[in-house]
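Here this note's numbering is used: the first residue of the sequence shown is 3, the next is one more, and so on.
Just so it is clear, CB atoms sit at the ideal spot from N, CA and C, and this is done for glycine as well.
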Amino acid sequence: MLEKMREEDLRTRDERESREIRERMENLSKEYKRFGCDENGIGFVLAGNTYPVKDQIKAIGGKWYIWCWIAPTEFVSDGVKAVRIDLSQHVNEYGVIVADDAIFDAMQEGKESLK
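This is the structure in structure tokens:
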């Protein structure tokens, strides 16, 4: 009887976890936008002197993310380099976006190209 209860508990937990993962996957477009990308996960990491143009970046839907701005469309300005990133390539099997390294690398690439 105890074994049967454990099996039911495991099955219930597995079903709950599967449902949560499915919901996260279905809501990825909202998460992409939260990062500053478009609904498909495409965005542009902006490197360089973004402070003077931060209001313009915000106006196109850009978001500040840890080290840099990310915009849903390519942004062109003197002293700013836009590097394309695809967040859909950085979603793990649990539906979580794990892109900190990729964003940092894109930012570094942008900075290097401005030199």
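Around the beta carbon of Ala49, 16 or more other beta carbons sit within 10 angstroms, so the residue counts as buried. For Ile105, the three-state secondary structure derived from DSSP is helix. Taking all protein chains in view, the Cβ of Lys32 is surrounded by fewer than 16 other Cβ atoms within 10 Å, so the residue is classified as exposed. In this structure, DSSP gives Lys65 an extended state, which the three-state scheme calls strand.
With contacts defined as CB atoms closer than 8 angstroms, Val55 and Val85 fail to qualify as a contacting pair. Pairing His92 with Ala101, the inter-Cα distance amounts to about 5 angstroms. A straight line joining the alpha-carbon of Trp66 with that of Glu19 spans about 31 angstroms. Between the C-alpha atoms of Asp103 and Asp88 there is a straight-line separation of about 13 angstroms. Taking the Cβ atoms as the reference, Phe37 lies roughly 14 angstroms from Ile59, outside the contact range of under 8 angstroms.
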